[in-house]
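>
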Amino acid sequence: MDEELVPSIAALPAVDRTDVAEARRIVSSRYAGTGPVEGVSVHECSCTAADGHVIALRVYRPSRRTSSGAIYHVHGGGFILGDPDMSHLRNAELARETGAVVVAVAYRLAPEWPFPTPLDDVYSGLLWLREHAGELGIDPSQIVLHGVSAGGALAAAAALLARDRNGPPVRFQFLKSPALDDRLRTASSRRFTDTPALTRRDAEIGWSAYLGQAAGAVSPYAAPARATDLTNLPPAYVSVAEFDPLRDEGIDFARSLLAAGVPVELHLFPGTYHGSGAVREAAVSRRELSEEVAVLRTVLERPGQPTAPRDDEGNRAHV
Numbered sequence: 001m002d003e004e005l006v007p008s009i010a011a012l013p014a015v016d017r018t019d020v021a022e023a024r025r026i027v028s029s030r031y032a033g034t035g036p037v038e039g040v041s042v043h044e045c046s047c048t049a050a051d052g053h054v055i056a057l058r059v060y061r062p063s064r065r066t067s068s069g070a071i072y073h074v075h076g077g078g079f080i081l082g083d084p085d086m087s088h089l090r091n092a093e094l095a096r097e098t099g100a101v102v103v104a105v106a107y108r109l110a111p112e113w114p115f116p117t118p119l120d121d122v123y124s125g126l127l128w129l130r131e132h133a134g135e136l137g138i139d140p141s142q143i144v145l146h147g148v149s150a151g152g153a154l155a156a157a158a159a160l161l162a163r164d165r166n167g168p169p170v171r172f173q174f175l176k177s178p179a180l181d182d183r184l185r186t187a188s189s190r191r192f193t194d195t196p197a198l199t200r201r202d203a204e205i206g207w208s209a210y211l212g213q214a215a216g217a218v219s220p221y222a223a224p225a226r227a228t229d230l231t232n233l234p235p236a237y238v239s240v241a242e243f244d245p246l247r248d249e250g251i252d253f254a255r256s257l258l259a260a261g262v263p264v265e266l267h268l269f270p271g272t273y274h275g276s277g278a279v280r281e282a283a284v285s286r287r288e289l290s291e292e293v294a295v296l297r298t299v300l301e302r303p304g305q306p307t308a309p310r311d312d313e314g315n316r317a318h319v
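Read in order, the letters of the sequence shown are residues 1 to 319 in UniProt numbering.
(1) Would you mind stating whether H146 and V37 have Cβ atoms separated by less than 8 Å?
(2) Enumerated in chain order, which unbroken segments of the beta strand (DSSP E) with a length of 3 residues or greater are wholly contained in the region 216-286?
(3) From P84 to E281, what does the alpha carbon distance come to, in whole angstroms?
(4) Compute the beta-carbon to beta-carbon distance between F172 and V144, rounded to the nearest angstrom, for a pair I have assumed lies under 8 Å.
(5) So the candidates are R25, A158 and G277; which of them puts its Cα closest to the Cα of E4?
(6) For L296 and F115, which I take to be in contact (beta-carbon distance under 8 Å), what is that distance rounded to the nearest angstrom?
(7) Can D244 and S285 be called in contact, C-beta distance under 8 Å?
(8) Can you give me the Cβ contacts of G82 inside the same chain, cut-off strictly under 7 Å, excluding the 5 residues immediately before and after it?
(9) Does the Cβ-Cβ distance between V101 and L57 come in under 8 Å?
(10) Determine contact between the region 59-73 and the region 243-259, defined as no fewer than three beta-carbon pairs at a distance below 8 Å.
(11) Taking the beta carbon of R247 as the centre, do at least 16 other beta carbons fall within 10 Å, making it buried, or is it exposed?
(12) Within this structure, are the beta carbons of S149 and A49 separated by less than 8 Å?
(13) Excluding the 5 residues flanking A162 on each side, which residues of the same chain have their C-beta closer than 8 Å to its C-beta?
(14) For P62, report the span of its beta strand (DSSP E) as first-last.
(15) Please list the segments of the alpha helix (DSSP H) lying wholly inside the region 88-157, counting only runs of 4 or more residues, in order along the chain.
(16) Under three-state DSSP, which class holds V20?
(17) On the premise that A156 lies in contact with L180, defined as a C-beta separation below 8 Å, what is that separation, rounded to the nearest angstrom?
(18) For I71, report the span of its beta strand (DSSP E) as first-last.
(19) Considering only the alpha carbon of each residue, which of E301, A222, F192 and G206 lies closest to D16?
(20) Under 8 Å, do P220 and L160 count as touching if we go by C-beta distance?
(21) Is E44 helix, strand or coil when you go by DSSP?
(22) Does DSSP put L175 in a helix, in a strand, or in coil?
(23) Is it the case that the Cβ atoms of L154 and L119 are separated by a distance below 8 Å?
(24) Which residue comes first and which comes last in the alpha helix (DSSP H) that contains L5?
(25) Quick one: grab the DSSP three-state call for V295.
(26) Between L230, P263 and K176, which has its C-alpha nearest V293's C-alpha?
(27) Buried or exposed: where does T98 fall if 16 or more other Cβ atoms within 10 Å of its Cβ makes it buried?
(28) Skipping 5 residues on each side, what residues in its chain have a beta carbon closer than 6 Å to that of V6?
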């Protein structure tokens, strides 16, 4: 484990995911507060799911727009926890630092709402983003799916749905420590049974809640690692943490995408645990967050503009 991350482990809250109500209370209290962020305006809006449910969306608009694209963020929480508040600060930063609109979706959670409802909510938000591109001032062909942990599963599945339903064109998928495989058969899922922030048991609880009665015949839209056809999907960036049960399924998915002819960048951040990028005093976390911005900036370049590397201040580097 990275020595700068070790002190943070003791400060992690003890979250028993078998008690969903209490786990949600703990997570909600930890991320309470969605105050203003300099250089970004935030407003709440909504869309409607096919079953009539109103899905909350949070839109982040940078005061300095440098991209016509949009980042569509899907939060983590093991399918059973969380909401856009979890990523509020980071989403505001991404809007400001990439110059793009960010939209976060509050999808319904398992176990009350198992698959396919959370995915349907995420996909409904993606459709809304395309339909409202004009008023948001974005190019609907420049949408990046951005998913974290369980949100990575939902983002990857939304990319599959968009391909198979001839839905909104997705420019790119950014998958951060994604949960992709309900089978939990990888070496990392067997080895890391008691790692910080996420254990194998946590992953088992999340998948069981999400799959519900579908556990016997799992759709690739539920667990994207089960997909047998990954062709014609958008390019991807996949990042994984070293000490994380989900590590190897992220690596395997990246390799499968590559084998299907999909451009992929894969990064394993050494000495890290699930979600440790939030520990910003650690150099490896700063590197992880900086790379996230650099990748998204490059992807979100306006069509027709040549891309070039940028320095740490966001300026184009001369090559």
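Don't be surprised by glycine CBs; every beta carbon is placed ideally from N, CA and C.
As the structure is a computational prediction, the values presented were derived from the model and not from experiment.
Checking against the coordinates, here is how it stands:
(1) No; because the gap between Cβ atoms is not below 8 Å, this pair is not in contact.
(2) The region 216-286 contains these whole beta strand (DSSP E) runs: 236-243 and 264-273.
(3) Distance between the alpha carbons of P84 and E281: 23 Å.
(4) Right, their Cβ atoms sit about 5 Å apart.
(5) Selected option, being the one with the closest Cα: G277.
(6) L296 to F115, Cβ: 28 Å. No contact.
(7) The criterion of a C-beta distance shorter than 8 Å is not satisfied by D244 and S285.
(8) Only V27, H75 and G76 meet the Cβ criterion.
(9) Contact annotation: V101 and L57 have beta-carbon atoms that are not nearer than 8 Å.
(10) Output reads no: the region 243-259 does not touch the region 59-73.
(11) Around the CB of R247, 16 or more other CB atoms lie within 10 Å, so the residue is classed as buried.
(12) Remark: C-beta atoms of S149 and A49 do not approach each other more closely than 8 Å.
(13) The beta carbon of A162 is closer than 8 Å to those of Y123, L126, P168, P169 and V170 in its chain, skipping five residues each way along the sequence.
(14) Looking at the DSSP string, the run of the beta strand (DSSP E) that includes P62 is V54 to P62.
(15) 88-98, 117-131 and 133-136, all fully within the region 88-157.
(16) In the three-state reduction of the DSSP assignment, V20 falls in the helix class, which pools H, G and I.
(17) Distance from L180 to A156 at the Cβ level is roughly 6 Å; contact confirmed, criterion being Cβ atoms closer than 8 Å.
(18) A70 to V74 is the span of the beta strand (DSSP E), which, as asked, contains I71.
(19) It is G206 whose Cα lies nearest to the Cα of D16.
(20) Yes; because the gap between Cβ atoms is below 8 Å, this pair is in contact.
(21) Of the three classes helix, strand and coil, the one that applies to E44 here is strand, per DSSP.
(22) DSSP places L175 within a strand segment (E or B) once states are collapsed to three.
(23) Here L154 is near L119, since their CB atoms are less than 8 Å apart.
(24) Neither: L5 is in no alpha helix (DSSP H) and is coded neither H nor E.
(25) The DSSP-derived three-state label of V295 is helix.
(26) Closest in alpha carbon position to V293, among L230, P263 and K176, is K176.
(27) Answer is buried; the Cβ neighbour count reaches 16.
(28) In the same chain as V6, and ignoring 5 residues on each side of it, no C-beta atom comes closer than 6 Å to its own.
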